Amino acid sequence: MTKANVKKPEAASPEESFIVDEATDAVLRLQLDKFEGPFEVLLYLIKSQEIDIFDIPIVKITEQYIRFLELLRDRNLDVAGEFLVMAATLIHIKSKMILPVEQDDEDEEVEEEDPRLDLVTKLLEYRKFRDISKRLQEMEDMRENWFARSVKPDIRPDEDGEEMLELGLYDLIEAFRSVLRFITDDLAHTVIGEGASVDEKIALIEERLASEKSIAWMDLFRECRSRVELVCCFLAILELCRMSKIRAHQSGTFGEIRLFARENAAGTGE
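The sequence shown begins at 148 in this note's numbering and counts up by one.
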């Protein structure tokens, strides 16, 4: 392999685009296009001030977020609907936080669920999905800087005698792009939180391949209930391929992709 001397210009990070003065909490500089949505803005506000995401000072964060929207308006920038929805959500949480605590007949405080809990759960899910997406983008960028010599593809017949091409890492990444295009719109928008994990998906795939000859690629993703679970499933497949425990084969250029356990998978380690 030969590495090409190609270097992409680095995009400004949100930290360089949105700066909050620690003394006045005033927004000093802003480039809206660096923030992909309201969750990105909230995560930056939390990170820049070293706030515990599980104990968000909702009054302070709400005030800063509203100033963010006012700055957009002052610059005659259109405010996307999702930013306004987040503002309404923050104001609603703030109002619940400042209301007097309800008491029972014996003057004891009634324990209620923290109104910030749902927001924190969604922020954690968004951050997890964002970080995974960033890693996949880095892998794709690294691939663009390398050129490999052509090699004879590994073609094997399946049980019906049909020739099947073994897929590599970047073939799987492209296949996963198709999954994201065709499946994510149908996923439920419920928040699963931290329920999905790569280790759980690895165990699931290994268990199924212990009793089945092969697994249909798309069937695994159709069983996912959230975008985070979908990405965890893909990373589990990549990890099993890296450990030489499974192989992915496709029948034809646009044929079905199936996962098989490798014959020498038993006892394979990292």
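We put the CB at the ideal spot given by N, CA and C, even for glycine. Just so we're clear, the structure is a prediction, and the values are computed from it rather than from any experiment.
Query raised in the report: Where do the N-terminal and C-terminal ends of the alpha helix (DSSP H) with Phe407 fall, by residue?
Result: Not the alpha helix (DSSP H): Phe407 falls in the beta strand (DSSP E), residues 404-408.
Query raised in the report: Nearest to Val378 by CA position, among Gly402, Ala322, Arg394, Lys194, is which residue?
Result: Ala322
Requested in this report: Can you tell me which of Arg328, Glu376, Val326 puts its alpha carbon nearest to the alpha carbon of Pro347?
Outcome: Looking at the sequence itself, residue 347 is Glu, so the reference to Pro does not match. Among Arg328, Glu376, Val326, the Cα nearest to that of Glu347 belongs to Glu376.
**Report entry** Residue burial classification, Leu264 (beta-carbon count within 10 angstroms, cutoff 16)
**Finding:** exposed
Query - Helix, strand or coil at Gln284 according to DSSP, with G and I counted as helix - result: helix
Query raised in the report: In whole angstroms, what separates the C-alpha of Phe329 from that of Tyr191?
Result: 31 Å
Query - Reference Glu410, options Glu403, Ile393, Phe401, closest by Cα - result: Ile393
Query - Test item: CB-CB of His396 and Ile404 under 9 Å - result: yes
Query raised in the report: Using the rule of at least 16 other Cβ atoms within 10 Å of the residue's Cβ for burial, across every protein chain shown, is Phe215 buried or exposed?
Result: buried
Query raised in the report: Is Ser325 buried or exposed, if buried means 16 or more other CB atoms sit within 10 Å of its CB?
Result: exposed
Report task. List the DSSP bridge partners of Gln397. Result -> Leu312, Ile404
Requested in this report: Return the CA-CA distance between Ile352 and Lys194, expressed in angstroms with no decimal places.
Outcome: 36 Å
Query raised in the report: With respect to the alpha helix (DSSP H) encompassing Ser358, which residues constitute its N-terminal and C-terminal limits?
Result: 345-358
Query raised in the report: Under a three-way DSSP split, which group does Ser361 fall into?
Result: strand
Query - Three-state class that DSSP yields for Met233 in the structure shown - result: helix
**Report entry** From Pro262, Val232, Leu231, residue whose alpha carbon lies closest to that of Leu246
**Finding:** Pro262
Query raised in the report: Where Val188 and Tyr212 are concerned, what is the direct C-alpha to C-alpha distance, given to the nearest angstrom?
Result: 8 Å
Requested in this report: Tell me whether Lys269 sits in a helix, a strand or coil according to DSSP, three-state version.
Outcome: helix
Query raised in the report: Under 9 Å, do Leu406 and Ser361 count as touching if we go by C-beta distance?
Result: yes
Requested in this report: Please work out which residues of its chain come closer than 6 Å, Cβ to Cβ, to Ile279, disregarding the five sequence neighbours upstream and downstream, and give them in chain order.
Outcome: Val378
**Report entry** Residue interval of the alpha helix (DSSP H) (run including Ala381)
**Finding:** The displayed chain sequence assigns Phe, not Ala, to residue 381. Taken as a continuous stretch (DSSP letters only), the alpha helix (DSSP H) holding Phe381 covers 374-389.
Query raised in the report: Between the C-alpha atoms of Ile349 and Glu359, what's the straight-line distance to the nearest angstrom?
Result: 15 Å
Query raised in the report: Out of curiosity, what's the CA-to-CA distance linking Glu386 and Leu367?
Result: 15 Å
Requested in this report: Within 10 angstroms of the Cβ of Met233, are there 16 or more other Cβ atoms? Answer buried if so, exposed if not.
Outcome: buried
Report task. With a threshold of 16 other CB atoms inside 10 Å of the CB of Glu285, please say whether the residue is buried or exposed. Result -> exposed
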